[in-house]
Amino acid sequence: MSDTSQRRAIKNYRNRLVERGMARFEVLGRDSDRELIRSLAKRLAEDGPEAERLRAAVSQGIAGQPPRKGGILEALRRSPLVGADAVPARPFESGRKADL
């Protein structure tokens with residue numbers, strides 16, 4: 002069976018993209034970010050000095066610093082209650098009868 006004309010057109014288009022060093026991919030995101038992501042992709046596809054600056058800024062912003070271990074412990078140590086020797090008083094309750 003031969004390819005339909007539409008399939009051949011898509012294949013030729015994708016081959017031309019590969020020749021230009023481009024790739025087609027799908028991204029999931031919020032509908033409100035659609036234009037932002039499209040404009041970002043267009044700028045990055047231009048592959049000039051502006052695209053390099055944008056690529057570096059986005060990479061740095063996304064990478065950031067990896068989360069450190071012990072973050073919760075550090076937050077508890079910074080608490081104003083550290084060293085207050087506060088002992089919460091709880092009334093004793095015998096509980097309830099349970100029928101097993």
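Just so we're aligned, residue 2 is where the sequence shown starts under this note's numbering, counting upward by one.
For every residue, glycine included, the Cβ atom is placed at its ideal position computed from N, Cα and C.
Quick caveat: nothing in here was measured; it's all calculated off a predicted structure.
Roughly how many whole angstroms lie between the Cα atoms of residue i and residue j?
i	j	result
K43	L82	52 angstroms
D34	E51	21 angstroms
R9	L29	27 angstroms
A90	A99	26 angstroms
R31	A64	21 angstroms
R39	E27	11 angstroms
Q61	R54	11 angstroms
R79	P92	29 angstroms
R21	N13	13 angstroms
D86	E36	55 angstroms
E47	G84	58 angstroms
L77	I11	58 angstroms
For the alpha helix (DSSP H) holding residue i, just list the boundary residues, first then last.
i	result
K70	Here K70 belongs to no alpha helix (DSSP H), and DSSP marks it neither H nor E.
P50	P50 to A64
A24	That residue, A24, is in no alpha helix (DSSP H); it is neither H nor E in DSSP.
S33	Neither: S33 is in no alpha helix (DSSP H) and is coded neither H nor E.
A10	S6 to E20
Which whole-angstrom value is the C-beta distance of residue i and residue j, which I expect to be below 8 angstroms?
i	j	result
R56	L74	No, R56 and L74 are not in contact; Cβ-Cβ is about 37 angstroms, not under 8 angstroms.
R15	R25	7 angstroms
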